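Using the working numbering, you'd call the opening residue of the sequence shown number -1 and step up by one each time.
Where is the CB? At the ideal position from N, CA and C, for every residue including glycine.
For clarity, every value in this text was computed on a predicted model and none was experimentally measured.
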Amino acid sequence: MQMIEAIATCEEELRSAMLASDVEALEQMLADDMIFIDQLGIRRSRDDDIAAHRSGLLDLNSLDFRGDRIIRAHGELASVIVTADVAGTYDGAAFFGTFAYLRLWKQQDGRWQIILAQCTASPSSEL
């Protein structure tokens, strides 16, 4: 249970960092070799993700979890599946959507870090 509780805390810290565009916190949470596959199927690196926050290209106004968050331990890894309503601006254009996220966390360098993340656009009526 310790791992599950630790990852739940990490997920809340990630949410806060994303909403605040806290680049320093994101640099600690995202592994150097992290790959993020966005809702369009485009592969993004850790540097791409952080640069979007740093530059203001991505500015989140809200990120609200819907339904149950599923956290599972897999040896030294933990997976998280969560659905969220997300609103903000991207490149100056407002957006709102419901997205399903899958993240893999691994403990390295003395902290939990995301090594892989994926986002899928989801119908807003589904949890």
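Item, Value
"For R109 and S120, what's the separation of their Cα atoms in angstroms?", "31 Å"
"On the three-state DSSP scale, how would you describe L125?", "Note that L125 has pLDDT 47, beneath the 50 cutoff, so the model's placement of it is unreliable and no number is given."
"Say yes only if the C-beta of A119 is nearer than 7 Å to one or more non-hydrogen atoms of the ligand FMN, and no if none qualify.", "Absence of the ligand FMN is noted for the structure shown, with no ligands found whatsoever."
"Classify S19 as helix, strand or coil using the three-state DSSP reduction.", "coil"
"Apply the 10 Å Cβ neighbour rule to D89 and answer buried if 16 or more other Cβ atoms are within range, or exposed otherwise.", "exposed"
"Relative to the C-alpha of G54, which residue among Q111, F97, E9 and T87 is closest?", "T87"
"Three or more beta-carbon pairs under 8 Å between the segment 59 to 79 and the segment 29 to 40, yes or no?", "no"
"Provide the residue span of the beta strand (DSSP E) that contains I48, from first to last.", "I48 -> not in any beta strand (DSSP E); alpha helix (DSSP H) instead, spanning R44 to S53."
"Mapping the DSSP letters down to three states, classify L56 as helix, strand or coil.", "strand"
"Helix or strand or just coil, what does DSSP make of Q133?", "The question about residue 133 has no answer here: the residues shown for the chain are numbered -1 through 125."
"Would E22 be called buried (16 or more neighbouring beta carbons within 10 Å of its own) or exposed?", "exposed"
"In angstroms, rounded to a whole number, what distance separates the CA positions of V80 and D46?", "22 Å"
"Determine the burial state of R101: buried for a count of at least 16 other Cβ atoms within 10 Å of its Cβ, exposed for fewer.", "buried"
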